[in-house]
Structure formats: C-alpha cells, structure tokens
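Down below is the structure, laid out as structure tokens.
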Amino acid sequence: MSKKVTSNIKNKRRSFKVTDIIKLIALLIPVVQLLRQMKNGQK
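When the letters of the sequence shown are read in order and numbered with the working numbering, they come out as residues 2 to 44.
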C-alpha cells in the first residue's frame with residue numbers, strides 16, 4: 002500500500018512540475034515577443 006501511495010505522490014509532483022513549466026513558458030512567450038519588438042524599434 003505504501004509503495005502505491007508514494008508512486009502516486011511522485012506522479013502528482015511530476016505533473017505539477019510539468020504544468021508549472023507550461024505556465025512559465027506561457028508567461029515568457031509574450032515577454033520575449035515584447036523584448037523583440039523593443040529591439041526592432043530601437044534599430
């Protein structure tokens with residue numbers, strides 16, 4: 002029983018990490034686009 006519980010917790014942690022990465026990427030994409038626009042504007 003304990004082994005199954007620990008494996009489930011590990012899987013949940015992994016999924017949370019993946020979702021956190023996706024959220025970070027989603028936030029970074031618009032920031033990168035804004036930075037590129039600023040660089041293009043300066044040139």
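For glycine and all other residues, C-beta sits at the position ideal for the given N, C-alpha and C.
Pairwise C-alpha distance: residue j and residue i
i          : j          : result
residue 10 : residue 27 : 26 Å
residue 20 : residue 33 : 20 Å
residue 24 : residue 37 : 21 Å
residue 4  : residue 16 : 18 Å
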